[in-house]
Structure formats: structure tokens, C-alpha cells
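A.B. asks: As they're listed, the protein sequences go chains A and B.
The first sequence lines up with residues 2 to 314 when you count with my numbering.
The second sequence lines up with residues 2 to 314 when you count with my numbering.
Just so it is clear, CB atoms sit at the ideal spot from N, CA and C, and this is done for glycine as well.
Keep in mind it's a predicted model, so treat the numbers as computed, not measured.
2 protein chains.
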Amino acid sequence: MDKQGVIKALKDNDNFTIITHKSPDGDTLGCGFAVCAYLRSIGKHANVVNNDEIPKRYGFLCDWYSPQEFDEQFVIAVDIADVNLMGDNLKKYQQPDAVDLCIDHHISNTGYAKETYVDATAGAAAMIIYEILSEENAIDQPIASMLYTGIATDTGCFKFQNTDSRAHYYAAKLIEAGADFYHINRQMFEVRSRNVVAAERAITSKMKYFCSERVAVNVISLSVLKKYGVDLSQIEAISSFPLTIEGVCAGVTLKEKATGVYKISLRTTEELNASVICNAFGGGGHIRAAGCEMKGELYEVIEKLINKISEYL
Amino acid sequence: MDKQGVIKALKDNDNFTIITHKSPDGDTLGCGFAVCAYLRSIGKHANVVNNDEIPKRYGFLCDWYSPQEFDEQFVIAVDIADVNLMGDNLKKYQQPDAVDLCIDHHISNTGYAKETYVDATAGAAAMIIYEILSEENAIDQPIASMLYTGIATDTGCFKFQNTDSRAHYYAAKLIEAGADFYHINRQMFEVRSRNVVAAERAITSKMKYFCSERVAVNVISLSVLKKYGVDLSQIEAISSFPLTIEGVCAGVTLKEKATGVYKISLRTTEELNASVICNAFGGGGHIRAAGCEMKGELYEVIEKLINKISEYL
Numbered sequence: 002m003d004k005q006g007v008i009k010a011l012k013d014n015d016n017f018t019i020i021t022h023k024s025p026d027g028d029t030l031g032c033g034f035a036v037c038a039y040l041r042s043i044g045k046h047a048n049v050v051n052n053d054e055i056p057k058r059y060g061f062l063c064d065w066y067s068p069q070e071f072d073e074q075f076v077i078a079v080d081i082a083d084v085n086l087m088g089d090n091l092k093k094y095q096q097p098d099a100v101d102l103c104i105d106h107h108i109s110n111t112g113y114a115k116e117t118y119v120d121a122t123a124g125a126a127a128m129i130i131y132e133i134l135s136e137e138n139a140i141d142q143p144i145a146s147m148l149y150t151g152i153a154t155d156t157g158c159f160k161f162q163n164t165d166s167r168a169h170y171y172a173a174k175l176i177e178a179g180a181d182f183y184h185i186n187r188q189m190f191e192v193r194s195r196n197v198v199a200a201e202r203a204i205t206s207k208m209k210y211f212c213s214e215r216v217a218v219n220v221i222s223l224s225v226l227k228k229y230g231v232d233l234s235q236i237e238a239i240s241s242f243p244l245t246i247e248g249v250c251a252g253v254t255l256k257e258k259a260t261g262v263y264k265i266s267l268r269t270t271e272e273l274n275a276s277v278i279c280n281a282f283g284g285g286g287h288i289r290a291a292g293c294e295m296k297g298e299l300y301e302v303i304e305k306l307i308n309k310i311s312e313y314l
Numbered sequence: 002m003d004k005q006g007v008i009k010a011l012k013d014n015d016n017f018t019i020i021t022h023k024s025p026d027g028d029t030l031g032c033g034f035a036v037c038a039y040l041r042s043i044g045k046h047a048n049v050v051n052n053d054e055i056p057k058r059y060g061f062l063c064d065w066y067s068p069q070e071f072d073e074q075f076v077i078a079v080d081i082a083d084v085n086l087m088g089d090n091l092k093k094y095q096q097p098d099a100v101d102l103c104i105d106h107h108i109s110n111t112g113y114a115k116e117t118y119v120d121a122t123a124g125a126a127a128m129i130i131y132e133i134l135s136e137e138n139a140i141d142q143p144i145a146s147m148l149y150t151g152i153a154t155d156t157g158c159f160k161f162q163n164t165d166s167r168a169h170y171y172a173a174k175l176i177e178a179g180a181d182f183y184h185i186n187r188q189m190f191e192v193r194s195r196n197v198v199a200a201e202r203a204i205t206s207k208m209k210y211f212c213s214e215r216v217a218v219n220v221i222s223l224s225v226l227k228k229y230g231v232d233l234s235q236i237e238a239i240s241s242f243p244l245t246i247e248g249v250c251a252g253v254t255l256k257e258k259a260t261g262v263y264k265i266s267l268r269t270t271e272e273l274n275a276s277v278i279c280n281a282f283g284g285g286g287h288i289r290a291a292g293c294e295m296k297g298e299l300y301e302v303i304e305k306l307i308n309k310i311s312e313y314l
């Protein structure tokens with residue numbers, strides 16, 4: 002489906018459910034609520050349905066929102082590459098043909114929806130939604146803030162390599178439309194509670210170095226989370242910390258999911274392909290950021306990982 | 002002088018010296034070397050003269066540069082609001098009429114130069130230089146990286162309130178011209194040595210809170226710098242740390258210059274005017290970021306500052 006087809010689908014249907022991906026981020030939420038706000042503004046009924054509770058820092062995206070009552074007729078998935086990213090609470094949308102339209106920017110999109118509109122060159126799904134809504138002159142101040150949030154979060158505030166001139170052009174347009182970039186960026190990238198800062202400090206002060214200090218490993222244990230009263234979603238930014246150390250080209254974060262079960266996040270500089278390394282343990286992802294799950298004693302897991310990484314160094 | 006006047010001055014003269022401000026940042030250096038590169042590209046002789054050594058992280062701005070021999074005929078100051086910002090090594094340019102042309106974006110520019118081109122609405126001086134050089138179709142890949150550096154550093158990577166749509170438009174154009182934004186942003190905002198990280202951790206782990214945790218104070222002592230073998234310019238980013246703590250609206254950083262002498266940096270959120278508070282101690286600056294110098298025992302200096310801040314809370 003092309004952009005005009007998407008616009009027609011939005012106009013020709015009613016009683017929309019918009020779903021976002023599990024462990025929601027600024028892009029999926031920004032897109033979901035922007036599409037919902039647009040649909041309501043043209044007189045349609047529309048709800049956003051999320052698998053998880055919305056983390057507090059994204060609260061401003063939906064402080065205007067309350068669900069409407071209607072019989073669902075048209076389901077839109079935003080920023081969801083695969084049905085398994087919907088989460089257990091959205092199981093009914095994982096069935097074949099349950100989703101009418103998927104709007105996404107992942108090259109890995111599995112084409113599970115009846116109609117799919119994917120632009121894998123877009124750094125954020127919000128850039129695609131921007132193109133659709135600006136075609137309809139529908140970018141008001143609240144929608145501008147929602148879409149800016151999606152672009153800023155998915156590009157790491159214009160720092161990640163997926164940033165391009167288009168991301169900046171759209172940011173410019175959204176700022177002109179009133180996007181509250183200053184407060185959004187503070188919420189997204191800066192403000193944290195004292196507990197979160199203390200937990201991060203406790204974790205990073207124990208960071209271990211391997212392979213002539215080219216590999217750095219952080220461990221987020223369940224006990225440290227408990228000690229500081231924080232949850233994983235609050236300290237996820239820590240995954241980018243190892244690569245901020247001069248000379249480090251592979252940054253590993255081990256998140257303890259349960260005793261002896263670790264979710265691994267690997268970030269790399271240009272010298273290393275993160276995806277290849279995580280593939281070796283049944284995981285996958287992108288060339289600079291990938292993940293996998295591993296079981297065993299902590300020191301064994303680290304040993305296996307470091308040995309695999311050093312094969313490629 | 003207007004933009005056309007600046008372009009004419011660059012074309013009609015030769016043997017240029019371009020000076021940057023003391024404690025140089027990405028904006029003054031990016032502008033200085035970009036103007037120099039442009040002038041050389043049109044067959045002029047030009048040098049950049051800096052008061053201080055260039056911090057290592059800005060090295061890529063001038064890895065192509067070596068000084069030329071000529072008799073100086075035309076002096077350009079970039080991003081220098083006042084002669085006292087030139088530093089002691091550039092004393093000769095502080096004399097009346099020593100500077101032929103000043104290009105700047107500070108509203109406080111004192112007009113010390115024979116000709117002045119100020120645009121105080123520009124978030125970075127590099128935005129002004131961009132306008133001048135793009136008029137001449139002179140934005141090649143190296144110059145694009147230099148000017149991107151100026152815009153990114155002076156806008157805090159598009160996060161500060163001085164960011165506007167123009168900053169994003171120019172960033173887009175500079176990326177299209179080949180600005181190496183990914184590596185630049187890593188160098189500017191992310192990569193630090195283990196020593197610097199350890200020093201920052203030592204300082205911030207002792208951060209003190211006042212006024213119901215609305216004011217936070219970091220102290221950078223000479224002894225901590227010595228202990229970790231770092232200098233102040235390497236850990237300057239720490240000044241923005243206090244305001245990243247939820248609920249803090251005034252972040253104070255005290256830098257020990259000598260025994261009993263402190264340089265104070267104050268950053269505030271919208272609730273507080275930093276400039277007014279620093280004025281009370283003979284300093285000044287902007288509404289959200291200001292500074293002053295204070296003498297006395299550490300605990301006395303902190304007491305005076307906190308009392309003054311609490312008057313306005």
C-alpha cells in the first residue's frame with residue numbers, strides 16, 4: 002500500500018484500534034497517539050491499545066487521552082515489525098488478518114497485516130506518520146510534540162547513525178508547528194530520579210573490562226534493582242554507557258531476568274558486527290545493537306560472550 | 002555590516018588572521034577553521050590564531066591545517082563577544098581597531114571591532130557562517146563537518162532552548178553536504194576516558210542537596226582533579242549533571258581555582274533566573290546558565306549561594 006492508500010484507508014473507515022509494540026518506546030507511542038488524535042480530529046472513533054503500562058516519562062503523550070466506546074472495525078499496528086512484538090495482552094491481534102494496516106519502518110517487517118506500509122529508510126516510524134499527516138495539513142501542536150518525540154527517541158536525539166537530513170527537516174517542521182522539544186528532550190534524555198542515578202552509579206562503578214579494555218561489561222542484577230527500588234525500563238539507558246568509554250568497541254549489558262537467566266544487550270562501534278555475535282547465541286538485531294538470551298552462571302555467560310567477541314576483534 | 006558586506010570584505014582583502022575565543026569550544030573553533038578553509042579555497046592567505054591549546058576532542062577540526070607565512074592585513078574575530086574573551090595571548094587584538102571584522106551571535110557583543118556582523122537570533126555562530134558560505138556555494142565536506150560541530154555543540158545536540166527550526170534546517174543541509182555527524186557527536190558528547198568517568202563519578206557521588214532537594218551542589222576540588230589526572234576542560238560537562246536529577250531546579254558547580262577561590266557555574270530550570278543570582282555576586286550570564294567567582298571557605302561560599310538562591314525559590 003502507498004501513502005495515498007493509507008490516507009484513503011483512514012478516511013474510508015471508522016472505529017479504529019491502534020496498537021503499539023510491547024515495552025513501548027517514544028516512537029511507537031508517539032505514532033499511536035498521533036494517529037489517534039488525527040482520526041478523532043476528523044470525526045472518527047479511535048482508541049490506542051498498549052500491551053504494557055505506559056512508562057511515566059511518556060505520560061505527556063497521552064494526558065489528553067481517554068478511551069472511547071465503540072465496536073472495533075479497523076486495526077492499525079504502528080512500529081510493530083512482527084506479531085511476537087505485540088505482547089501477551091494483545092494476543093488476539095496476533096491472529097492472521099487481525100490487523101488491517103501496519104505502518105512501520107523496520108526492514109524486518111514480516112508482512113503479517115492485510116495491508117502494509119513500510120519505509121525502511123525512515124529512522125523513526127514517526128517520520129512516516131509525519132509524511133502522512135502533513136499531507137493532510139493535520140500537524141497541530143499536540144501532534145507535533147508526539148511525532149517529535151518519536152523522531153528524537155529513535156535517532157538518539159539526532160546522534161545515531163540512522164539520523165539523516167530528512168529527520169532534521171521534519172524536526173524543523175515539527176518545531177515550527179509547536180513541538181515542545183526542550184521539555185520533551187529533558188524528559189526523554191536527561192531527567193532521572195535520585196534512585197535511578199544511584200542504581201546506575203552502583204552498576205557502572207563495577208563495570209569490568211576485557212580484551213585490553215576494548216570490551217566493557219555491565220551487569221544489572223535483580224538484587225541491585227531491588228536495592229534501589231527501580232525497574233529495568235528506568236535504567237535501560239545504561240546499555241549505551243560502555244561505548245562512551247574511550248577505546249571500548251564492544252559494550253555488553255547483562256540483565257538478570259531470573260536466577261541464571263540473562264538478557265544480553267550488545268552495542269558496538271564500527272569495528273564489530275553486534276548482530277553476528279548475538280546470532281551465535283540464538284539472538285539477533287542490528288549491526289551496531291543486538292541482543293540474545295543466555296543461561297548459566299554469571300561468570301560462565303560472560304566467559305562465553307567474551308570468547309565469541311574476541312574471535313571477531 | 003550586512004551579509005553581502007561580509008562576503009565582499011572576504012573577497013576584497015587578503016592575508017587574514019582569524020581569532021577564536023579563549024577556552025575554545027566547538028562553535029568558535031568550527032567557525033574559525035571553516036572561514037580559514039574557505040578563504041584558502043578562494044586563493045587567499047589565512048591563519049587561525051587561538052589563545053589556548055585546542056582540546057584533543059576538537060583535533061579533527063584542524064587535522065588538515067598548518068599555518069601560513071604572510072604579513073597580517075585583515076583580522077576577523079569569530080564568536081567573540083568582548084575583547085576580554087580573547088585571552089592573554091591575544092592581547093594585541095584587544096587594542097582599539099585591531100580587529101577589522103567581528104562575526105558573532107551574542108546579543109552582548111560590545112561592538113569592539115571596526116565592522117560587526119551580529120545575529121543574536123542564531124543559536125550558534127556557525128549558523129551565521131553557514132549562511133555566508135552557502136551563499137558562495139562553498140560548503141564542502143570538511144567545512145560541513147566544522148559548521149555542524151559548531152551548531153551541535155552550541156545547541157547541546159539540538160536539546161537546548163536556543164535550538165530552532167533554522168538550526169535543524171542547517172543541520173540537514175550540512176549532513177547532505179557530508180558532515181560526519183555520527184563521529185562528531187560521539188566525540189563531542191559521548192566518548193570520555195576512564196579517568197574522566199572516574200573523576201565525574203567521584204564528584205557526583207558526593208553531590209549535596211539543599212532546599213528540599215531543589216538545589217544540588219557539586220564541588221570540583223583541585224585535589225580530585227589531581228587524583229584522577231584530569232583537567233577542568235575535560236569534565237566541564239559535569240555542570241549540567243545536577244539538573245538531570247528529578248525535582249532539582251538549581252544546579253550549582255563550584256570549581257576550585259586556587260585555595261579559597263571558587264568559580265561558580267549555576268544552571269537553572271524555568272523556575273529560576275540564574276543571571277539575577279550570579280549578578281548578586283558580581284557575575285552574570287544568561288537566564289538559565291550564569292556564573293560568578295567567590296572567595297572564602299567552601300562551606301561559607303555554599304551557605305551564601307544557597308541563601309541567595311532560596312530567596313528566589
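Just how far apart, CA to CA, sit N163 of chain B and E70 of chain A?
C.D. replies: If you take the alpha carbons of N163 of chain B and E70 of chain A, they lie about 43 Å apart.
A.B. asks: Is it right to say V79 of chain A is buried, meaning 16 or more other beta carbons lie within 10 angstroms of its own, or is it exposed?
C.D. replies: So V79 of chain A counts as buried.
A.B. asks: Please tell me whether S234 of chain B and S266 of chain B are closer than 9 Å, where the distance is taken between their beta carbons.
C.D. replies: No, the Cβ-Cβ distance between S234 of chain B and S266 of chain B is not below 9 Å.
A.B. asks: What residues in the region 146-168 of chain B have a beta carbon less than 7 Å from any beta carbon of chain A?
C.D. replies: Listed by position, the residues of the region 146-168 of chain B near chain A (Cβ gap below 7 Å) are C158, F159, K160, Q162, T164, D165, S166.
A.B. asks: Cα-Cα, which of B:R268, B:E298, B:Y300, B:M295 is closest to H287 of chain B?
C.D. replies: Ranking the options by Cα distance to H287 of chain B, first place goes to B:R268.
A.B. asks: Quick one: is I108 of chain B buried, meaning 16 or more other Cβ sit within 10 Å of its Cβ, or exposed?
C.D. replies: So I108 of chain B ends up on the exposed side.
A.B. asks: Could you work out which residues of chain B lie near F182 of chain A, taking near to mean beta carbons separated by less than 8 Å?
C.D. replies: Ordered by position in chain B, the residues that pass the 8 Å Cβ test against F182 of chain A are F159, K160, T164.
A.B. asks: What residues in the region 191-206 of chain B have a beta carbon less than 7 Å from any beta carbon of chain A?
C.D. replies: Under the 7 Å Cβ criterion, the region 191-206 of chain B contributes E191, V192, R193, S194, R195, V198, R202, S206.
A.B. asks: How is G285 of chain A classed by DSSP in three states: helix, strand or coil?
C.D. replies: Strand, per DSSP.
A.B. asks: I need the straight-line Cα distance from M128 of chain B to V50 of chain B, nearest angstrom please.
C.D. replies: Their backbone Cα atoms lie some 21 Å apart in a straight line.
A.B. asks: Quick one: Cα of T205 of chain A to Cα of E247 of chain A, how far?
C.D. replies: One C-alpha to the other measures close to 15 Å.
A.B. asks: Report yes or no: is there a C-beta of chain A within less than 9 Å of the C-beta of E237 of chain B?
C.D. replies: No, E237 of chain B lies away from the interface with chain A (no Cβ there is under 9 Å from its Cβ).
A.B. asks: Three-state secondary structure (DSSP) at N14 of chain A?
C.D. replies: Coil at N14 of chain A, not helix or strand.
A.B. asks: Compare the C-beta of A114 of chain B with all C-beta atoms of chain A and state if any pair is closer than 9 Å.
C.D. replies: For A114 of chain B, the answer is no, since every Cβ of chain A falls outside 9 Å of its Cβ.
A.B. asks: Look up M87 of chain B in the DSSP assignment and say whether it is helix, strand or coil.
C.D. replies: Note: M87 of chain B maps to coil in three-state DSSP.
A.B. asks: Along chain A, which residues have their Cβ under 7 Å away from the Cβ of T245 of chain B?
C.D. replies: Within chain A, the residues near T245 of chain B are E191, V192, R193.
A.B. asks: Out of A:D83, A:I185, A:V249, state which residue places its alpha-carbon closest to the alpha-carbon of S194 of chain B.
C.D. replies: Checking every option, the nearest Cα to that of S194 of chain B belongs to A:V249.
A.B. asks: Give, in chain order, every unbroken run of the alpha helix (DSSP H) that is at least 4 residues long and sits entirely within the region 166-231 of chain A.
C.D. replies: The region 166-231 of chain A contains these whole alpha helix (DSSP H) runs: 166-177, 182-186, 195-205, 223-229.
A.B. asks: Are L244 of chain A and N219 of chain A touching if we call contact CB-CB under 9 Å?
C.D. replies: It is not a contact, given that the beta carbons lie outside the stated cut-off.
A.B. asks: Which residues, in chain order, does the region 47-78 of chain A contribute to contact with chain B at a C-beta distance below 8 Å?
C.D. replies: Listed by position, the residues of the region 47-78 of chain A near chain B (Cβ gap below 8 Å) amount to none.
A.B. asks: Kindly list the residues whose CB is nearer than 7 Å to the CB of S222 of chain A, restricted to its own chain and excluding five residues on each side of it in sequence; keep chain order.
C.D. replies: Closer than 7 Å at Cβ, skipping near neighbours: E257.
A.B. asks: Following the continuous beta strand (DSSP E) through C293 of chain A, name the residue where it begins and the one where it ends.
C.D. replies: 290-296 is the extent of the beta strand (DSSP E) around C293 of chain A.
A.B. asks: Evaluate the contact criterion for the region 135-152 of chain A versus the region 170-188 of chain A: three or more CB pairs, one atom per stretch, below 8 Å.
C.D. replies: Segments in contact, yes.
A.B. asks: Under 8 Å by Cβ, that's how I've got F17 of chain A and Y66 of chain A pegged, so tell me the actual separation to the nearest angstrom.
C.D. replies: Their Cβ separation, rounded to whole angstroms, is 14 Å, which puts F17 of chain A and Y66 of chain A out of contact at 8 Å.
A.B. asks: Are the CB atoms of D15 of chain A and F75 of chain A within a distance shorter than 9 Å?
C.D. replies: A contact, by the Cβ cut-off of 9 Å.
A.B. asks: Would a check of beta-carbon distances place E136 of chain A closer than 9 Å to chain B?
C.D. replies: Not closer than 9 Å to any Cβ of chain B, the Cβ of E136 of chain A fails to qualify, so no.
A.B. asks: Rank A:E304, A:E312, A:K296, A:E298 by C-alpha distance to the C-alpha of I278 of chain A and give the top, closest one.
C.D. replies: Cα-wise, what sits closest to I278 of chain A is A:E312.
A.B. asks: At a Cβ threshold of 9 Å, is Y313 of chain B touching chain A?
C.D. replies: No, Y313 of chain B does not count as interfacial toward chain A.
A.B. asks: Return helix, strand or coil for N48 of chain A, following the three-state DSSP convention.
C.D. replies: In this structure, N48 of chain A counts as strand in the three-state DSSP scheme.
A.B. asks: Who does C103 of chain B pair with in a DSSP beta bridge?
C.D. replies: For C103 of chain B, which the question treats as bridged, DSSP gives the partners B:A78, B:T117.
A.B. asks: Below 6 Å CB to CB, which residues in the same chain sit around F211 of chain A once its five sequence neighbours on both sides are set aside?
C.D. replies: Once the five neighbours on either side are set aside, the close Cβ partners of F211 of chain A are I307.
A.B. asks: Tell me whether S266 of chain B sits in a helix, a strand or coil according to DSSP, three-state version.
C.D. replies: Strand.
A.B. asks: What's the gap between the Cα of D165 of chain B and the Cα of A173 of chain A?
C.D. replies: Going by the C-alpha atoms only, they are around 7 Å apart.
A.B. asks: Can you tell me which of the three DSSP states A127 of chain A falls into?
C.D. replies: Note: A127 of chain A maps to helix in three-state DSSP.
A.B. asks: What does A275 of chain A touch in chain B if you count any residue whose Cβ is under 7 Å from its own?
C.D. replies: None at all; the shortest Cβ gap to chain B is about 16 Å.
A.B. asks: L255 of chain B by DSSP, collapsed to three states: which one?
C.D. replies: Looking at L255 of chain B - three-state DSSP - the assignment turns out to be strand.
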